[in-house]
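The structure appears right after this line, and notes come after that.
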Amino acid sequence: GTRFIATKEAPVHENVKQALLAATELDTRLVMRPLRNTERVLNNAGVESLLRKEKELGSNIKFEDIIDEVAGVYPKIMKEGQMDAGAWSCGMVAGLIYDVPTCKELIDRIMKEAEDIISNQLAGMLAGKVPA
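Structure (structure tokens):
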């Protein structure tokens, strides 16, 4: 999901795509763990606020305590580009995103990389050779 947000066809604000391009694999956080509703999100000011509340309230936290950071933030972020509005789902793959291709270009690239792995690395392993 996250990788396809950074494609030309994705109907999201340009700020979202730029945030993904700028992100590293260390820029995601796990939130809402005390509520047993864990979600990986891209770090921003809203997420930092949510994490502070989780730390302060601990196991006593309720959804109502973090409603400002999680409820209704998707339109603010995805449509309006307000990147600090709150928590939005984002995988660690964000650290591997370096361009904004079309969906076709992305799928073609994924397929080519998979074919290369199968043909070069896995074929050698099946033949008893260890890849260099």
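Position in the sequence shown counted from 1, then plus 196, gives you the working numbering. Beta carbons: idealized from backbone N, C-alpha and C, even for Gly.
query, result
"Rounded C-alpha distance that separates Phe259 from Leu231", "7 Å"
"Spatial distance of Ser255 from Arg229 (CA atoms)", "9 Å"
"For Ser285, the residue or residues it bridges with in DSSP", "Val237"
"Residue ranges of each alpha helix (DSSP H) within the segment 242-324, 4 or longer", "263-266, 299-312 and 319-322"
"Buried versus exposed call for Ala213 [16 or more other C-beta atoms within 10 Å across all chains shown]", "The sequence given here places Lys at residue 213; Ala does not occur at that position. Looking at its Cβ environment, which holds 16 or more other Cβ atoms inside 10 Å, Lys213 is buried."
"Host alpha helix (DSSP H) of Ser198 (start-end)", "Note on residue identity: the sequence assigns Thr, not Ser, to residue 198. Start and end: Thr198 to Ile201."
"Secondary structure of Arg232, DSSP reduced to three states", "coil"
"Per DSSP, the bridge partner or partners of Thr220", "Answer is none; Thr220 lacks a bridge partner."
"Span separating the alpha-carbon of Val296 from that of Val269", "23 Å"
"Residue closest to Ile263, alpha-carbon to alpha-carbon, out of Ile201, Val289, Val243 and Met279", "Val243"
"Contact set for Leu216: own chain, Cβ-Cβ below 8 Å, skip 5 residues either direction", "Thr198, Ile201, Ala202, Leu238, Cys286, Ala290 and Ile293"
"Burial state of Gly282, where buried means 16 or more other Cβ atoms lie within 10 Å", "buried"
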